[in-house]
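My numbering applies: residue 127 is where the sequence shown begins, and numbers increase by one.
Notes to accompany the following structure.
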Amino acid sequence: MYMNSLLCRGDIHCIDQIRMRPVAFYELCNILTRYNLVRQSKNMSIKEHVLLFVHCLGHNVRFRVLAGTFHRSYETCHRYFRIVLKAVLKLYEYVVRSPNDSTPPKIMNSRRFYPYFKDCVGAIDGTHVRASVPSEIQGRFRGRKGGTTQNVLAVITSDLKFTYILAGWEGSAHDSRILNSALSRSGGFKIPEGKFYLGDAGYGVRPGIISPYRGVRYHLNEFSKERPPENEKELFNIRHFSLRTTIERGFGILKKRFCVLDAEPFWSFATQVDVVLACCVIHNHIMGVDPSDPVVQEVNNEIRSRSERQTHREEREENMEWLAKRDNMASAMWVDYSIIRRF
């Protein structure tokens, strides 16, 4: 049987086919069973239900191809994909959770980041996911690179877990507009009192969001031993960037694991939005069960070797109180950095 041969051929083959190791797959099946979200049918086990679903997400496989691979009818593949999609979405509230109030170990254990970023609980950004929409509204969904996309807002912690996702916005929508929607909607994005997230320049500096200084060196490849930070703004920017790469890594892992997010969709737009959320749920599950899996390591290596480019964003009105907070952080960093550099 295809399922048994796949799961018994080792981690590498399993990663290639369902984009996770057996330990994460079996635990996902256990959770869906424990919450009674997926039930075994007469002819299909729960494991086969889930295997079919994650194989589709991992490779953007059409139902007719799934039918041939799993020796099931087209209708069966379509039906059980929907069943598992609905079940995974019900895990959202259990798996995608707000961060706690404690300082993340990555910050606490680093002299570069602590105490300056002690109240930072994550990073925020948007990413574009391919979208298929009716021709009469394609203009609204056309992103900066020309194709039709949905713009997805996501918030992530230093351990690469998503804590909030808002999918379904038009590709032409600016990140700042989507953030405003997330903050204002009932049950939307909440910033813990006294805490903040790191964002890019497109969000500006506002309560709970701190962005880098504009017009100042920012990306890692702009600094070296021969070209160290020359002032407090440059020092702040390089450390801000070092922490904010978690969101780039998170998006990179998500899209590397689930090819469906970078391929032409073949579902209704409502299902396309649900698929994005389901991918984030499964991502969080894997990060909890198997945080060092090969997909994570592969993306980490790619990001280390990639040449970063500065992107240009719209200017945003900024909050004076939080601008002062950023200045105070930068000044404190520079004082400590200057003292250490003397010795």
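Every residue gets a Cβ at the ideal spot worked out from N, C-alpha and C, and that includes glycine.
Using the C-alpha atoms, what's the distance from V342 back to R353?
Within the sequence shown, the letter at position 227 stands for residue 353. Within the sequence shown, the letter at position 216 stands for residue 342. Taken atom to atom, the span from the alpha-carbon of R353 to that of V342 is near 13 Å.
Own chain residues within Cβ distance below 8 Å of G378, not counting five before or after
For the purposes of this step, residue 378 is identified with residue 252 of the sequence shown, where counting begins at 1. These residues qualify, in order along the chain: V425, E428, I429.
Beta carbon of V94, beta carbon of L183: below 9 Å?
For the chain, the structure presents residues 127 to 469; residue 94 sits outside this window and is missing.
In terms of alpha-carbon separation, which member of G314, T371, V191, S302 lies closest to I291?
By 1-based counting over the sequence shown, the position of residue 291 is 165. Looking at the Cα atoms, G314 is the closest of the given residues.
On the CB-based measure, 16 or more other CB atoms within 10 Å of its CB, does T166 come out buried or exposed?
Within the sequence shown, residue 166 is the residue found at index 40, counting from 1. According to the sequence shown, residue 166 is Gln rather than Thr. With fewer than 16 other Cβ atoms within 10 Å, it is exposed.
Among D326, R205, T283, R223, the one whose alpha carbon lies nearest that of K232
The residue given as residue 232 occupies position 106 in the sequence shown. Taking only the C-alpha atoms, the option nearest K232 is T283.
Go ahead and label Q436 buried or exposed: buried means 16 or more other beta carbons lie within 10 angstroms of its beta carbon, across all protein chains shown.
Along the sequence shown, read from residue 1 onward, the residue named residue 436 stands at position 310. Residue confidence for Q436 is low, a pLDDT of 39 falling below 50, so the modelled location carries little weight and cannot support an answer.
Alpha-carbon to alpha-carbon, E153 and K212:
Start at 1 with the first residue of the sequence shown, and residue 212 comes out as number 86. Start at 1 with the first residue of the sequence shown, and residue 153 comes out as number 27. Between K212 and E153, the C-alpha separation is close to 18 Å.
Mapping DSSP to helix, strand and coil, what is W295?
Along the sequence shown, read from residue 1 onward, the residue named residue 295 stands at position 169. Three-state DSSP puts W295 in a strand.
Are at least three pairs of beta-carbons, each pair with one atom in the region 274-283 and one in the region 246-263, less than 8 Å apart?
yes
For I209, does the three-state DSSP call read helix, strand or coil?
Working through the sequence shown from its first residue, we reach residue 209 at position 83. Note: I209 maps to helix in three-state DSSP.
What did DSSP end up calling E434 once you bin it into helix, strand or coil?
To locate residue 434, count along the sequence shown from 1; it is residue 308. Below a pLDDT of 50, predicted positions are generally treated as unreliable, and E434, at 45, falls in that range; the measurement from the model is reported next regardless. E434 falls in the coil class under three-state DSSP.
Quick one: what's got a C-beta closer than 8 Å to N454's C-beta in the same chain, skipping five residues either side?
For the purposes of this step, residue 454 is taken as the residue at position 328 of the sequence shown. Here the set comprises nothing.
Is the beta carbon of A396 closer than 9 Å to that of S242?
Position 116 of the sequence shown, counted from the start, is the residue given in the question as residue 242. Position 270 of the sequence shown, counted from the start, is the residue given in the question as residue 396. Residue 242 is actually Tyr in this sequence, not Ser. Against a cut-off of 9 Å, the Cβ pair of A396 and Y242 comes out as no contact.
Which value, in whole angstroms, describes the spacing of the CA atoms of R439 and K316?
Along the sequence shown, one-based indexing puts residue 439 at 313. Along the sequence shown, one-based indexing puts residue 316 at 190. With a pLDDT of 46 at R439, under the threshold of 50, the modelled position of that residue is not reliable, and the figure given next carries that caveat. Roughly 24 Å separates the two Cα atoms.
At 4 residues or longer, and completely inside the region 250-278: list those alpha helix (DSSP H) runs for me, N to C.
264-267
DSSP on Y290, reduced to helix/strand/coil?
The sequence position of residue 290 within the sequence shown is 164, counting from 1. In this structure, Y290 counts as strand in the three-state DSSP scheme.
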